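Novice: As you go down the protein sequences, you meet chains A, B and C in turn. The first sequence begins at 4 in the working numbering and counts up by one. The second sequence begins at 86 in the working numbering and counts up by one. The third sequence begins at 929 in the working numbering and counts up by one. Got a structure for you, written out below as structure tokens; questions coming shortly.
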Amino acid sequence: MNFKDNFPKHLIEEIDVIRSKFPPDKSKSAIIESLLIIQHHNNGYLNEELISSLANYLGLTKIDVYEVATFYSMFNLKPIGKNIISVCTNVSCMLRKSDDILNYIEKKLNIKVGESTKDNKFYLKDEMECLAACNGAPMMQINHINYENLTYEKIDKILDEIPND
Amino acid sequence: MEIFINDNKHEAFDNETIIQVTDRLNIHIPRFCYHKRLSIVASCRMCLIEVEGAKFPQPACSTLVREGMKIKTTGSVTEDAQKSTMEFLLINHPLDCPVCDQAGECELQDVSLDHGDYKSNYNEMKRTVIDKDIGSLVSTEMTRCIHCSRCVRFGEEVAGIKELGMTGRGEKTKIETFVNQSLTSELSGNVIDLCPVGALNNNLYKYSARTWDLEQKNSISFNDCLGSNIYYHIYKNSIKRAVPKENEQINLSWLSDRDRFGHEGIESNERILLPMIKENNKLIQSDLNSLYSITAEKIKEFSPNTTAIMSAQSSCEEMYLYQKILRENGITNIDHRTKECDFRYQENYPVIPSFDIKINDLAKMDNIILVNTNISKEFPILSIYLRNAIKNNSTNVFSLATYNYSENFDTNINEIFSPTDLVRYLRDSANNQLASIESNHKNLIILGPSSTHLKNYTEILNSTSNFAKLTNSKLALLGDLSNSSGAWAMGIIPHRLPGGIQCDKYKEKNYVSAYPSNDMFIVYNLEPEYDFSNDIEILDKLKKSKYNIFFSSYITDAIEKYADIVFPLAVQQESTGTHLNTNKQLQKSEAVILPKEKAKPGLDFLHNISKALGLDISNKQISQDISKILSSINITDNYVITENLRVPKEKDILEKYIIRSPNTNNPTLRRCESLLNTHDADNFMSLPMDMNITEDKKVTLTEHSKQIKINTNIKTHSKPENTILLKFSGRYKQKLGSCNSVIDIE
Amino acid sequence: MIKLCTATFSLDNPSSIETYLAQDGYHSWKKIIRDKTPKSEIIRLVKESGLKGKGGAGFLTGLKWSFINSAEKQRYLVCNSDESEPGTCKDRDILRYNPHAVIEGMLIACYAIDASVGYNYLRGEFIGDQWIVFNTAVKEAYKNNLIGNKVLNSDISIDIIPLIGAGAYIVGEETAMLESIEGKRGMPRIKPPFPAVQGLYGKPTIINNTETLATVPYILKNGDEWYKNLGLNDSIGVKMFCMSGHLNRPDVIEAPLGIPFSELLNQCGGILDNKKLKAVIPGGSSVPVVKGKDIINIPMDYESLMSIGTMLGSGGIIVMDESTCMVSVLERISRFYYAESCGQCTPCREGTGWLYKTLVKIKSGRGTQSDLDLLNRIANQIEGHCICALGDAAAMPVISFLKNFWNEFEYYVDKKESMVG
Ligand SMILES: Cc1cc2nc3c(=O)[nH]c(=O)nc-3n(C[C@H](O)[C@H](O)[C@H](O)COP(=O)(O)O)c2cc1C
Ligand code: SF4
Ligand code: FES
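Below, the structure written as structure tokens:
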């Protein structure tokens, strides 16, 4: 997205829906969900301009929005690859060898966690949280869809099937 | 209720927190995040103390007292808890006390001596934080930050502009502004005092002294009519920094940036440090004795055709003696209102213009109407009171202004008019938004000093007063300079003697009308280029007059050119005197530093001149006279009702006026580089056009044969209609003439 | 087999309103609206049923509701679907397989506390699945006039509004969740005031876990006595147990409270590859770990687990076999709390990092005996010293791992390798 102070109309509409979930004088409440939507429309990341524009639109200070954007781990403040992979490596998954899964993906994509592939197809998130699928361990999310009970073969299939475009 | 602190019985009140009780009793509990004027977050965990019956130590700052509660501020539970918090704080805190400005007054350092363990078991890498530039006043060393969040809360809760925020999370939490934005609040410097460590520092003071070498002296602010109380910290006869001195009636625990950084100019190389006299068109060094006798001679020679003007930043003593010398020698054209151009109101003006209520009572008002004053910028301290009134008392605030500005508090109504429309609006109050103001409410109208610069000030004053009367409102007239009230009380006006006594011996009604018959000017702490409503005219007069005597702390081109003699005036911080603030409080300030080189306090010069004129009056006598004058004044209200005023017509005269940054309001402020480097040091000229300004139109202004071309498309303002707002170029020099000079627009 | 929250799980199209209605769903809600059941009656019933919060703390739900500050007109309900405690994966299933039970539970709670709005806050990572399902369910319920303006043509209006987070474990803490809904950083507030007095936007607010609220319709339908008696022996009610780790069939099992641990183990097909049970964390990663032999015969309820020095917490049961390296597990747990500390309290902000870095050091073979004492000391300096329980959550595992498996840690710092290889 490339714009200065105004969001495109469809975004404004989406943000207005979010705002309507809260009392009229509580526009701050709309920050988190609006940022998620804006990020979604901006190749998965936020920048200063977008944060400023949202602050303007919601009538808040920029630092208000920036504070939030830096607190929650799903906001990216730098460009990232198109498909976000989060491999859960928390206790339950770790017990079922998620570290090997992560290693396997790192090798396969030739990147380390926190990096994006050269062709910008994948971003391997440094996921610290438990993704609440402990009974399906080991698991990962790609673009927030769960893939559980992973094996190397399964991973190959899943990743290979993601289109290139 | 009764509670027990360290086994001693003490009285406590409902809804008090433990720390409030112990602070009241002077029992020490360490703290970082707690500050009595900020909300409680209880996050630093430094104040943990033993409370009998609780499994874990409790934070004293947020725990409310209970009947019979038993608290221990010492003992192993309390001490262990505090020691561990300290240990946690220090693991990521740099050990750079030797190069830290805060050393010696660092709360972390103090507390760690009292409560910490010297040896740390932490062997991992310490966190480092990259520093960011947040403006010219506050410098940062964020690696030292201990995340107490006082600075963030200050912005949100006191300054009313959230600029510093907490970003990141967990150990990576940082305090910063949005992508290196500079602080814009006029109260920003207070975060320096609030910061318990050396993370937010005074940029002026940075590395200039060690705290333990400093000497602390009392003073007051000379930058606005509130008279905030200040401690100056002095090292080797130079002011290293200013910090607030608590005053519950004025500045609470805060200082405006102007007051905090406004001493920088004292060190300017434009200071005049020698007595000077003009020879062969050049000012050369002279000696004071010669200047005294010349001044006495010239006063005798040119009185009564002399105009004597004096800054309202002078002390009451200077003012009293100044006018006494002059009046005794037949000079009556005395004035301080050099930025004004409309004097028709003056006969009806109160003896002392003042704030009609105690500042603390602002929070009790139902309605506050601000007329032409940008409180957040001009009176940052007042803005704190206004915010509190809005927050705690749901006070309605109306702002009526002649130009567009923003405030750090919420206004219910924000109207922008041309000066003539402002008068019309006030007259027509029954039929507009002001109609909601009823006389059985508690109402206050605050008239800002910049109104006095307008050509229709008398009409504004009159209609404001009428409206105030109609609605049974209090009227507050805010002064332009620190001793504006004093100037009226001490007779620095042509038509009244000290104490407001009518004086019928004056010839001219004001300093402007005195120009035609002028032989001599005495200019006291005023700079011809910057302190007058019409600089071009005053420069012209100075050129034509036969003799010009200046008392000035700084040299300017005009003084260089037109002064015949110059007294090297000490600045206020180098002088002793009293100032009358807008609440009619007479506050004394002692000289905090000795005058530089040959400069001397104005009162010294005036005493010597009076002796040379055969008049001897002691300082004691002056003080007695001043107290007598002040106690004799019968102050009623501030209403100024003037009959037979012209009713403004629908299409009235267009008026050009200057909007000055409060940061350039007096000679010393004009030389504070760091204040001038803030976003806020620009002066503007507001220029209404008697035509519809279309985009991209080129307009040429001619003023005193100077031609200025303006491209209107970027500068047009929607309100007041068809107005162009021009920023002055240059540091603080105005290049566009002044309020009431004539301009032609093509 | 008892099925409350899981009632629809194995049906076709489990999340649709038709499925739920076919199970006699919204029965309680319709009855309440029809009979104009007094609010106090509902609160009494929930209180007497002995329903305890399923989010972690196990506080009596009915009692919590009765604390609502009735002096304020505007009140809120918040459903806590942030499910982030490691080892916990039950709310995600309720949200995607039985969303209408959550909605009905929220409606009943809103009615009982007189809240006009109920927000359901889902963790950000649910955006791809549960978020979509739950939003659809809410729309269906609106369409059926079960929510919204003049519910079922009565004079009652309640809105149920789904909200989504953006990645922060701490937002699961109830006051942090309120901050997050207010659009701020999720930093827990100091208590008191408790949310029931001053919650969302300063107004009285009740916060309950997804499972808690989803249980409510079943209690209202079948009565307090019924629910009470579902538990085994002296225990009350049912709970969803999230069985993860070294199991043959990890699963989420809804079972009576008081069920012996061995029985849960059986239902999951026993330990993976027939290995021996070594240790169990029975309530999400923040509760103290216990040795396998100490828990195997213990009934799974609040009191019994307390008696062996641990807690039921959120019901996230992490099972570890004999091959598990306890140093590695603790390092991983510490990494989590370090990454998720909100950063406001000094002990938690600085201490969680110190714990984690020390464990990394030990794991990399650079640890010493004194580091083990240090770990204990840091943990004890954090515990009980913070605003919220995340500090405790970071400390308790460290203390319990060291206590129960001290020799394994000692071995590690001595030999620079794991005792279990
Ligand atoms: C650090 C922390 C994280 C928490 N995370 C969750 C959570 O993810 N889900 C949840 O329901 N409760 C969580 N809680 C518990 C909530 O604070 C709260 O007690 C609960 O939502 C109340 O609901 P209940 O009474 O129905 O259990 C957490 C508490 C703490 C201290
Ligand atoms: S204990 Fe940790 S997570 Fe909880 S409020 Fe304090 S810093 Fe935040
Ligand atoms: S002063 Fe009490 S926690 Fe900071």
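Note that the Cβ used here is the ideal one computed from N, Cα and C, for glycine as well. These figures come from a predicted structure and were not determined experimentally.
Within the same chain, show all residues whose beta-carbon is closer than 6 Å to that of F307(B), passing over the 5 residues directly before and after it, in chain order.
Specialist: Working through the second sequence from its first residue, we reach residue 307(B) at position 222. The answer, listed in chain order, is Q398, S567 and Q657.
Novice: Assuming the contact rule is C-beta atoms closer than 8 Å, E1013(C) and S1214(C) should be a hit. Round their C-beta distance to whole Å, please.
Specialist: Here residue 1013(C) refers to the residue found at position 85 of the third sequence. Here residue 1214(C) refers to the residue found at position 286 of the third sequence. Sure, about 6 Å apart at Cβ, within 8 Å.
Novice: Which of helix, strand or coil does DSSP assign to L311(B)?
Specialist: Within the second sequence, numbered from 1, the residue matching residue 311(B) stands at position 226. L311(B) falls in the coil class under three-state DSSP.
Novice: For the beta strand (DSSP E) containing Y609(B), name the first residue and the last one.
Specialist: The residue you call residue 609(B) lines up with position 524 of the second sequence. From DSSP, the beta strand (DSSP E) with Y609(B) extends over M605 to Y609.
Novice: Cβ of S128(B) versus every heavy atom of ligand 3: is any distance shorter than 7 Å?
Specialist: Mapped onto the second sequence, residue 128(B) falls at position 43. Yes, the beta carbon of S128(B) sits closer than 7 Å to at least one heavy atom of ligand 3.
Novice: Could you give the distance in angstroms between the alpha-carbon of F464(B) and the alpha-carbon of I453(B)?
Specialist: If you number the second sequence from 1, residue 464(B) lands on position 379. If you number the second sequence from 1, residue 453(B) lands on position 368. In this model, F464(B) and I453(B) are separated by some 15 Å (Cα to Cα).
Novice: Let me know if K12(A) comes out buried or exposed under the rule of 16 or more other beta-carbons within 10 Å of its beta-carbon.
Specialist: Position 9 of the first sequence, counted from the first residue, corresponds to residue 12(A). The residue is exposed, with fewer than 16 neighbouring Cβ atoms inside 10 Å.
Novice: By DSSP's criteria, A486(B) is part of a beta bridge. Which residues make up the other side?
Specialist: The count along the second sequence starts at 1 and reaches residue 486(B) at position 401. I501(B).
Novice: Can you confirm whether G253(B), when its beta carbon is compared against all beta carbons of chain A, has any partner nearer than 8 Å?
Specialist: For the purposes of this step, residue 253(B) is taken as the residue at position 168 of the second sequence. Taking 8 Å as the CB threshold, G253(B) lines the interface with chain A.
Novice: Return no unless some Cβ of chain C is closer than 8 Å to the Cβ of Y75(A).
Specialist: Start at 1 with the first residue of the first sequence, and residue 75(A) comes out as number 72. Taking Cβ atoms only, chain C reaches closer than 8 Å to Y75(A), which makes this a yes.
Novice: Thinking I1092(C) and L39(A) are a contact (beta carbons under 8 Å), I'd like their distance in whole angstroms, please.
Specialist: The residue you call residue 1092(C) lines up with position 164 of the third sequence. The residue you call residue 39(A) lines up with position 36 of the first sequence. Between L39(A) and I1092(C) the Cβ distance is about 7 Å, and since that is below 8 Å, they are a contact.
Novice: May I have the straight-line CA-CA distance separating E172(B) from H1313(C), to the nearest angstrom?
Specialist: Counting from 1 along the second sequence, the entry for residue 172(B) is found at position 87. Counting from 1 along the third sequence, the entry for residue 1313(C) is found at position 385. Roughly 13 Å separates the two Cα atoms.
Novice: Any heavy atom of ligand 2 closer than 7 Å to the beta-carbon of G1271(C)?
Specialist: Locating residue 1271(C) in the third sequence gives position 343, where the first residue counts as 1. Yes - ligand 2 has a heavy atom lying nearer than 7 Å to the Cβ of G1271(C).
Novice: May I have the straight-line CA-CA distance separating Y377(B) from L624(B), to the nearest angstrom?
Specialist: Indexing the second sequence from 1 puts residue 377(B) at position 292. Indexing the second sequence from 1 puts residue 624(B) at position 539. Cα-Cα distance, rounded: 25 Å.
Novice: Run through chain A and tell me which residues come within less than 9 Å of R962(C), C-beta to C-beta.
Specialist: Position 34 of the third sequence, counting from 1, holds the residue named residue 962(C). Result: empty, since nearest Cβ-Cβ is about 29 Å, beyond 9 Å.
Novice: Going by the CB atoms, is the gap between I1022(C) and S956(C) shorter than 8 Å?
Specialist: Residue mapping note: residue 956(C) aligns to position 28 of the third sequence, counting from 1. Residue mapping note: residue 1022(C) aligns to position 94 of the third sequence, counting from 1. No, they are not a contact pair.
Novice: List, in order along the chain, the chain A residues whose C-beta lies closer than 7 Å to that of F834(B)?
Specialist: Nothing can be reported for residue 834(B): it is not among the residues displayed for chain B, which extend from 86 to 831.
Novice: Can you pull the chain C residues whose beta carbon is under 8 Å from the beta carbon of V126(B), in chain order?
Specialist: Locating residue 126(B) in the second sequence gives position 41, counting from the first residue. The contacting residues are I1118 and Q1272.
Novice: May I ask you to list, following chain order, the residues of the region 982-1013 of chain C that have a beta carbon less than 9 Å from some beta carbon of chain D?
Specialist: Here chain D cannot be found, since the structure's protein chains are A, B and C.
Novice: So is H95(B) in contact with chain A if we call contact Cβ pairs under 8 Å?
Specialist: For this step, residue 95(B) is matched to residue 10 along the second sequence. For H95(B), the answer is no, since every Cβ of chain A falls outside 8 Å of its Cβ.
Novice: Which chain A residues are close to K247(B), counting only those with a beta carbon under 8 Å from its beta carbon?
Specialist: What you label residue 247(B) is simply residue 162 of the second sequence in a count that begins at 1. Going along chain A in sequence order, the residues near K247(B) (Cβ under 8 Å) are T64, I66 and D67.
Novice: Tell me where the alpha helix (DSSP H) around G571(B) begins and ends.
Specialist: Taking the first residue of the second sequence as 1, we reach residue 571(B) at position 486. Segment S569 to A574, the alpha helix (DSSP H) holding G571(B).
Novice: In chain C, what lies closer than 8 Å to K140(B) by C-beta?
Specialist: Along the second sequence, read from residue 1 onward, the residue named residue 140(B) stands at position 55. In chain order: G1312.
Novice: Please list, in chain order, the residues of the region 1101-1113 of chain C that have any C-beta partner in chain A closer than 8 Å.
Specialist: S1108, I1109, E1110, G1111, K1112 and R1113
Novice: Just the C-alpha distance for I437(B) and P579(B), rounded to the nearest angstrom, thanks.
Specialist: Counting from one through the second sequence, the residue named residue 437(B) turns up at place 352. Counting from one through the second sequence, the residue named residue 579(B) turns up at place 494. The alpha-carbon atoms of I437(B) and P579(B) are separated by roughly 15 Å.
Novice: Taking all protein chains shown into account, do 16 or more other C-beta atoms lie within 10 angstroms of the C-beta of D1010(C), making it buried, or fewer, making it exposed?
Specialist: In the third sequence, the residue the question calls residue 1010(C) occupies position 82. Its Cβ being crowded by 16 or more others within 10 Å, D1010(C) is buried.
Novice: Output needed for I1396(C): all residues of its chain with C-beta closer than 8 Å, excluding positions within five of it in sequence on either side, in chain order.
Specialist: In the structure as shown, chain C begins at 929 and stops at 1349. Residue 1396(C) is therefore absent and cannot be evaluated.
Novice: Comparing alpha-carbon positions, which option in V150(B), I125(B) and F141(B) lies nearest F98(B)?
Specialist: Translated into the one-based positions of the second sequence, residue 98(B) becomes position 13. Taking only the C-alpha atoms, the option nearest F98(B) is V150(B).
Novice: Between which two residues does the beta strand (DSSP E) containing T392(B) stretch?
Specialist: What you label residue 392(B) is simply residue 307 of the second sequence in a count that begins at 1. T391 to M395 is the extent of the beta strand (DSSP E) around T392(B).
Novice: Return yes when the C-beta of R1277(C) is under 7 Å from any heavy atom of ligand 3, and no when it is not.
Specialist: Residue mapping note: residue 1277(C) aligns to position 349 of the third sequence, counting from 1. False, no ligand heavy atom lies under 7 Å from that Cβ.
Novice: Verify the CB distance criterion: does P1178(C) have a CB-CB separation below 8 Å to chain B?
Specialist: Here residue 1178(C) corresponds to residue number 250 of the third sequence, with the count starting at 1. Residue-level contact by beta carbon fails for P1178(C) and chain B, as no gap is shorter than 8 Å.
Novice: Considering Cα atoms alone, identify which of F346(B), Y405(B) and L368(B) is closest to H692(B).
Specialist: Sequence index remark: in the second sequence, residue 692(B) carries index 607 (1-based). It is Y405(B) whose Cα lies nearest to the Cα of H692(B).
Novice: Along the alpha helix (DSSP H) that carries R1024(C), what are the first and last residues, could you check?
Specialist: The residue you call residue 1024(C) lines up with position 96 of the third sequence. Taken as a continuous stretch (DSSP letters only), the alpha helix (DSSP H) holding R1024(C) covers D1019 to Y1025.
Novice: If we cut at 8 Å on Cβ distances, does G564(B) have a partner in chain A?
Specialist: Sequence index remark: in the second sequence, residue 564(B) carries index 479 (1-based). With 8 Å as the cut-off, G564(B) does not count as an interface residue toward chain A.
Novice: The region 175-192 of chain B: which residues have C-beta closer than 8 Å to a C-beta of chain C, in chain order?
Specialist: I176 and N177
Novice: Based on DSSP bridge pairs, tell me the residues matched to N93(B).
Specialist: Locating residue 93(B) in the second sequence gives position 8, counting from the first residue. DSSP output for N93(B) lists I90(B) as bridge partner(s).
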